[in-house]
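Participant: Numbering (my numbering), first residue to last: 23 to 272. Even glycine gets a Cβ: it sits at the ideal position worked out from N, Cα and C. Predicted, not measured: the structure shown is a model, and the values here were computed from it. What follows is a structure written as structure tokens; I'll ask about it next.
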Amino acid sequence: MDKEIQKLDTSEFPFMNSTLELEIRVEDLLGRLTLNEKFRLCVGKRWWYTNPIRRLNIDSFAMHDGPHGVRVDNKGKIQTTYFPSTICRAATWSTELSNRFGIAIAEEVRDVGAHMLLAPGINIQRTPMCGRTFEYQTEDPYLNKKLVVAVVKGVQSQKIAACVKHFICNNQETNRFTVDSVVSERALQEIYYPAFKAAVQEADAWSIMSCYNKLNGIYGSEHKHLLREVLMRTWGFRGFVVSDWGATRA
Numbered sequence: 023m024d025k026e027i028q029k030l031d032t033s034e035f036p037f038m039n040s041t042l043e044l045e046i047r048v049e050d051l052l053g054r055l056t057l058n059e060k061f062r063l064c065v066g067k068r069w070w071y072t073n074p075i076r077r078l079n080i081d082s083f084a085m086h087d088g089p090h091g092v093r094v095d096n097k098g099k100i101q102t103t104y105f106p107s108t109i110c111r112a113a114t115w116s117t118e119l120s121n122r123f124g125i126a127i128a129e130e131v132r133d134v135g136a137h138m139l140l141a142p143g144i145n146i147q148r149t150p151m152c153g154r155t156f157e158y159q160t161e162d163p164y165l166n167k168k169l170v171v172a173v174v175k176g177v178q179s180q181k182i183a184a185c186v187k188h189f190i191c192n193n194q195e196t197n198r199f200t201v202d203s204v205v206s207e208r209a210l211q212e213i214y215y216p217a218f219k220a221a222v223q224e225a226d227a228w229s230i231m232s233c234y235n236k237l238n239g240i241y242g243s244e245h246k247h248l249l250r251e252v253l254m255r256t257w258g259f260r261g262f263v264v265s266d267w268g269a270t271r272a
């Protein structure tokens, strides 16, 4: 069906003008998308790609995991670097090393033709029994925020979007799709929020991934207070939220 769609000459449209403010470009694009096209952008064409909007000459947006290296599902035709685990990098306490890591992995994201890295993962390490503890940085909120700022700045210096995950309190793998993380406001502010807040306010992260789990009884991907009040209004987040793969429940 896409072959039958008449493509428009979009070269003069504001959303194609990289010299304009991002908000102006986004508003222009939203005004040109049909309702059906907006819905199509909310689901994937396939595993790592959004649906293209050929009428407006918009290609698929490609994203790849992950925290330690670029995951490419091509049966080994393209090889990428497997970097040391995140917990090992964090053990160096080096923001310079984390920044250089961000630059290096972003270069490989570009080399495989993608636009966004589904990383870094910055959930607080709460238990050694968590199967993905090695993917996260540290149990220390201060070190966590310092390192994530360095990584995100490194990634995005290469014009690759960083998707910081998993927002928030996704601190165990057991029953992660349904578990309810019951956390006090003080603990959120002092332990769990700082790294995500720094990624937004100090590194201008372009994307945040919401979590599977509940926070105080509400699933992360439909948590209005968490996403609207905290992330967007209080912290001033200007990017976009991506749900963890099966985390939307509507």
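1) For Leu169, which of Gly135, Gly153, Leu140 and Cys110 has the nearest alpha-carbon?
2) Who pairs with Val263 in a beta bridge, going by DSSP?
3) Is DSSP giving Ala112 helix, strand or coil here?
4) Thr72 by DSSP, collapsed to three states: which one?
5) If you draw a straight line from the alpha carbon of Thr108 to that of Lys29, how long is it in whole angstroms?
6) Under 8 Å between the Cβ atoms of Tyr158 and Phe199?
7) Find the nearest neighbour of Ser120 within the set Leu55, Val171, Phe83 and Ala220, judged by alpha-carbon distance.
8) Rounded to the nearest angstrom, what separates Met23 and Ala269 at their Cα positions?
9) Given Met38, which residues of its chain have a CB within under 6 Å of its CB, disregarding the five upstream and five downstream residues?
10) What's the C-alpha gap between His86 and Ile100?
11) Using beta-carbon positions only, say whether Ile182 and Asn166 come within less than 8 Å of one another.
12) So the beta strand (DSSP E) Val131 belongs to, where does it begin and stop?
13) Return the chain-ordered list of same chain residues with a C-beta closer than 6 Å to the C-beta of Tyr71, the five sequence neighbours on each side being excluded.
14) Using the C-alpha atoms, what's the distance from Lys187 back to Asp266?
15) Could you tell me the boundaries of the alpha helix (DSSP H) in which Ala172 lies?
16) Quick check: what's the CA-CA separation for Thr102 versus Ala126?
17) Go through its chain and collect everything with a Cβ distance to Ala112's Cβ below 7 Å, but skip five positions before and after it.
18) Can you have a look at Phe262 and say buried or exposed, based on whether 16 or more other CB atoms are within 10 angstroms of its CB?
19) What are the residues that DSSP puts in a beta bridge with Ser203?
20) Given a cut-off of 8 Å on the beta-carbon distance, is the pair Val6 and Gly242 in contact?
21) Between the Cα of Cys185 and those of Phe218, Ala209 and Asp162, spot the shortest distance and give me the residue it belongs to.
22) Just checking my contact of Val134 with Val177 at CB under 8 Å: how many whole Å lie between their CB atoms?
23) Do you know offhand how far Arg62's Cα is from Pro74's?
24) When you compare only the Cα positions, how much space is there between Lys236 and Ile190?
25) My output table needs one value for Ile275: the three-state DSSP class, helix, strand or coil.
26) Take the Cβ of Ala209 as the centre, count every other Cβ of all protein chains shown within 10 Å, and call the residue buried at 16 or more, exposed below.
27) Going by DSSP, what residues sit across from Leu139 in a beta bridge?
Facilitator: In terms of the structure at hand:
1) Taking the sequence shown and counting its residues from 1, one reaches residue 169 at position 147. Minimum Cα distance to Leu169 is reached at Cys110.
2) The sequence position of residue 263 within the sequence shown is 241, counting from 1. Looking at the DSSP assignment, Val263 forms a beta bridge with Ile230.
3) Translated into the one-based positions of the sequence shown, residue 112 becomes position 90. DSSP places Ala112 in helix when its eight states are reduced to three.
4) Here residue 72 is taken as the residue at index 50 of the sequence shown, counted from 1. If DSSP states are grouped into helix, strand and coil, Thr72 belongs with the strands.
5) For the purposes of this step, residue 108 is taken as residue 86 along the sequence shown, with counting starting at 1. For the purposes of this step, residue 29 is taken as residue 7 along the sequence shown, with counting starting at 1. Roughly 44 Å separates the two Cα atoms.
6) Residue 158 sits at position 136 when you count from the first residue of the sequence shown. Residue 199 sits at position 177 when you count from the first residue of the sequence shown. In this structure, Phe199 does not lie closer than 8 Å to Tyr158 by Cβ.
7) Taking the first residue of the sequence shown as 1, we reach residue 120 at position 98. Here the closest residue by C-alpha is Val171.
8) For this step, residue 23 is matched to residue 1 along the sequence shown. For this step, residue 269 is matched to residue 247 along the sequence shown. With a pLDDT of only 45 at Met23, under 50, the local geometry of the prediction cannot be trusted, and the value read off the model is given with reservation. Spanning the two alpha carbons is a distance of roughly 30 Å.
9) The residue you call residue 38 lines up with position 16 of the sequence shown. Same-chain partners within the cutoff: Thr32.
10) Here the question's residue 86 lines up with position 64 in the sequence shown. Here the question's residue 100 lines up with position 78 in the sequence shown. If you take the alpha carbons of His86 and Ile100, they lie about 13 Å apart.
11) The residue labelled residue 182 in the question sits at position 160 within the sequence shown. The residue labelled residue 166 in the question sits at position 144 within the sequence shown. No, Cβ-Cβ distance for Ile182 and Asn166 is not below 8 Å.
12) For this step, residue 131 is matched to residue 109 along the sequence shown. If you look at Val131, you'll find it isn't in any beta strand (DSSP E); it sits in the alpha helix (DSSP H) that goes Thr117 to Asp133.
13) Counting from one through the sequence shown, the residue named residue 71 turns up at place 49. Ser82 and Ala84.
14) Sequence index remark: in the sequence shown, residue 266 carries index 244 (1-based). Sequence index remark: in the sequence shown, residue 187 carries index 165 (1-based). Rounded to the nearest angstrom, the two C-alpha atoms are 9 Å apart.
15) Your numbering for residue 172 matches position 150 in the sequence shown. Taken as a continuous stretch (DSSP letters only), the alpha helix (DSSP H) holding Ala172 covers Pro163 to Gln178.
16) Residue 102 sits at position 80 when you count from the first residue of the sequence shown. Residue 126 sits at position 104 when you count from the first residue of the sequence shown. Their backbone Cα atoms lie some 11 Å apart in a straight line.
17) Within the sequence shown, numbered from 1, the residue matching residue 112 stands at position 90. Excluding positions up to five away in sequence, the list reads Gln159, Thr160, Leu165 and Leu169.
18) One-based indexing of the sequence shown puts residue 262 at position 240. Exposed, because fewer than 16 other Cβ atoms sit within 10 Å of the Cβ of Phe262.
19) As a first step, residue 203 must be located in the sequence shown, where it is residue number 181. Answer is Leu237, bridged to Ser203.
20) Because the chain spans 23 through 272 in this model, residue 6 falls outside it and cannot be assessed.
21) Along the sequence shown, read from residue 1 onward, the residue named residue 185 stands at position 163. Of Phe218, Ala209 and Asp162, the residue nearest in Cα terms is Phe218.
22) Here residue 134 refers to the residue found at position 112 when the sequence shown is read from its first residue. Here residue 177 refers to the residue found at position 155 when the sequence shown is read from its first residue. In this structure Val134 does not touch Val177 by the C-beta definition: roughly 14 Å separates them, more than the 8 Å allowed.
23) The residue given as residue 62 occupies position 40 in the sequence shown. The residue given as residue 74 occupies position 52 in the sequence shown. Straight-line Cα distance between these residues: approximately 8 Å.
24) To locate residue 236, count along the sequence shown from 1; it is residue 214. To locate residue 190, count along the sequence shown from 1; it is residue 168. Cα to Cα, the separation comes out at about 9 Å.
25) Past the boundaries of the shown model lies residue 275; the chain is included only from 23 to 272, so the question cannot be answered.
26) Taking the first residue of the sequence shown as position 1, residue 209 is located at position 187. That one is exposed.
27) By one-based count along the sequence shown, residue 139 stands at place 117. Note: Leu139 sits in a beta bridge opposite His86 and Ala184.
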